[in-house]
Each structure stands twice: as C-alpha cells, then as structure tokens.
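The numbering of the sequence shown is UniProt numbering, which starts it at 128 and goes up by one. Even for Gly, the Cβ is constructed at its ideal location relative to N, Cα and C.
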Amino acid sequence: GGEISVSARAAPLGQRHLLLLVEDRTQAKRVEAVRRDFVANVSHELKTPVGGIALLAEAVLDAADDPEAVARFAKRIKIESTRLTRLVKEIVDLSRLQAAETPEDPQLVDIDDVVQESVDLMLTLAEGRRMSFRVSSSDDLFVYGDSSMLVTALSNLLTNAIAYSPEDTRITVVARGVEGLVEISVTDQGRGISAEDQGRVFERFYRVDAARSRATGGTGLGLAIVKHICANHGGEVTLWSQEGHGSTFTMRLPRAQAEPPTPNPTPSRR
Ligand code: ADP
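Printed below as a string of structure tokens:
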C-alpha cells in the first residue's frame, strides 16, 4: 500500500515542479522585458538633453563674436545640464528603490517633521507662482522607515501640485491617522487628470503632456519614485482627480507607535 501512495503523490509533485519552472521562466521573461524597456526609455530620455547641449555648444562656437548670443546659449546649456543631472539622479534613485524591498536602516519617523520639511523645501517654488499652502498635521503620527525617502515622496507630490496648477491657487496638505494607517494627502486646484490617464501616471516616464512636463523641468519619474517609496514602506499611493478641478494624491503607510521613553539602561546601585 505504501509504495502506491508514494508513487501516486510523486506524479503530481513532478508536474508541479515543472509548472513552477515554467512560471518562473515567464516571470523571468517579464522581468527581462521590463528591464529592456527601461533601458530603452532611459537612453531615449538621456539623448534629448545631451543632444540639446551638443547643439547649443555648437551654437556658442558659431556665435563667438556675438557676446549676447553666447550668453543666451550658455544659459540654456545650464538649464539642460541641470535637467540632465536631475534625470540621472532620479534614474539612480529609482533603480535603488526597485532593488530594495524595504528601507536599509529603518527608524521611527515623525510624520509631522516630514510634512514641515517638505513644505519648507517648496516655499520658494510656490512663492514664484503665488501659491499658498494649507497644512494640517498632528504630532502623534509615526511611521517606521526612512525619513529622507518620505520627504522625497511628499516633495515630489508637492512639486507636481505646484507645476500642474494655475498661479494663485491653493495646495492643501493633510496628515492624519486612520485606523492602523497614516494618511498623507496633497490636494491641488489644478488641471486634474483624466480617468484614462489616472492609471498611467505612476508609470516611469509617462507624462500626460510631455511638452508641459519638460517645460517645468519634469522627468516623468516623480510619481514612479513616490509609488516605490510607498511600497518599500509597506504602503501605497492613490489618486483621485476630476479633470479641470484638481487632484488629490494620498499616501497610506502603516502607522507605528512612538517608542515609550527608554528606561535607564544602567540603574544606579547603592
Ligand atoms: P513629471 O516629471 O512629468 O511631473 P511625474 O511622474 O511626477 O512626472 O508625473 C507624471 C505626469 O502626471 C505628469 O507629467 C503630469 O502630466 C501628470 N501629473 C502629475 N501630478 C499632477 C497633478 N498634481 N495635476 C495634474 N497632472 C499631474
């Protein structure tokens, strides 16, 4: 009896192994296709500013006896190289985020600090477009993770809110605890995003309006980075938007408890 039951089990097991192997291969193929896509996108995205800089440098050489033109071209070279630097930094950030599953050295992060720091970073940019912030947060919101990553994520959302809204509008930032989560939302009164595009804006290099994104110094990677930072923290980012009325991006992260005050490790002896 024993022998039969062994062989009866062995057959499906063998099939399962084969199935797993096949699944593994399709998964590997998919990963490889995504990687190849990314490399193709990256080289395309890098070629634009590099090509621009090369042309502008030639224009400088041709205009050597016209100092005004030289200054004008040099200024544009500076703009293009700033964009290139940002693009390279974001590509590196994104590949690091994709390689890691969690932050390397997680710490207890005070979300109120993250909100204040991110808003402070944006003040100059916002002032330039006469935009105002309304911020609501509280001091009992904590997350376990990497505070500089979370500042990057929130800053990316704020940069977009500023870039894709008309001047003189308001941006509302709300951080609050909802059950076991910390919710941080950014609401703008901007152009909004169509239902069709809402599913795609988190993809790398996807832009609704490439010319506008480029004009504001966008790289098309901002939201992909936000998505990966949230995922690395065990959370997610979602989008609610109505075209012509504005957008709300919400990050939801598992809430951590503030550590109780640590007891004195070396109690005094008498
Ligand atoms: P970009 O560098 O182009 O801003 P992102 O990944 O940050 O790249 O955003 C992708 C695209 O999503 C943008 O190009 C823009 O079309 C759209 N988008 C992002 N945020 C907003 C927003 N707050 N309002 C309207 N459109 C937005």
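Which listed residue (the options) has its alpha carbon closest to that of residue i
i: Asp-315; options: Arg-297, Val-328, Ile-206; result: Arg-297
i: Glu-244; options: Ser-259, Ala-226, Ser-275; result: Ser-275
i: Pro-176; options: Thr-279, Ile-204, Arg-339, Phe-332; result: Ile-204
i: Tyr-333; options: Ser-259, Ala-351, Glu-386, Asn-283; result: Ala-351
i: Glu-228; options: Leu-366, Gly-361, Arg-162; result: Gly-361
i: Ala-226; options: Thr-343, Thr-365, Val-158, Leu-281; result: Val-158
i: Asn-168; options: Ala-338, Arg-331, Ala-385; result: Arg-331
i: Gly-255; options: Arg-223, Val-353, Asp-295; result: Asp-295
i: Gln-384; options: Asp-266, Val-161, Glu-195; result: Asp-266
i: Gln-369; options: Ala-322, Ala-198, Ile-311, Val-161; result: Ala-322
i: Leu-173; options: Asp-240, Leu-211, Asp-164; result: Leu-211
Start and end residues, alpha helix (DSSP H) containing residue i
i: Ala-288; result: 274–290
C-beta atoms of residue i and residue j nearer than 8 Å
i: Gly-307; j: Pro-230; result: no
i: Val-270; j: Val-309; result: yes
i: Val-236; j: Val-246; result: no
i: Phe-200; j: Val-215; result: no
i: Gly-326; j: Gly-371; result: no
i: Ala-181; j: Val-242; result: no
i: Leu-285; j: Ile-238; result: no
i: Thr-251; j: Ile-356; result: no
i: Asp-193; j: Pro-233; result: no
i: Glu-217; j: Gly-179; result: no
i: Thr-209; j: Ala-290; result: no
i: Asn-283; j: Val-353; result: yes
i: Thr-365; j: Arg-213; result: no
i: Arg-379; j: Glu-363; result: yes
i: Asn-359; j: Leu-224; result: yes
Residue range of the beta strand (DSSP E) that includes residue i
i: Leu-268; result: Run containing Leu-268: none; DSSP gives neither H nor E here.
i: Arg-379; result: 373–381
Distance between beta carbons of residue j and residue i, contact taken as under 8 Å
i: Leu-348; j: Leu-221; result: 6 Å
i: Ser-259; j: Gly-317; result: Contact flag wrong, Cβ pair sits at about 14 Å.
i: Phe-376; j: Val-313; result: 5 Å
i: Ala-190; j: Ala-184; result: Incorrect: roughly 11 Å between the Cβ atoms, too far for contact.
CB contact check: residue i to chain B, cutoff 8 Å
i: Val-278; result: Absent here is chain B; the protein component of the structure consists of one chain.
Beta strand (DSSP E) segments (min. 3 residues) lying fully within the stretch 190–263:
234–237, 259–263
At 4 residues or longer, and completely inside the stretch 293–367: list those alpha helix (DSSP H) runs for me, N to C.
322–325, 337–342, 349–359
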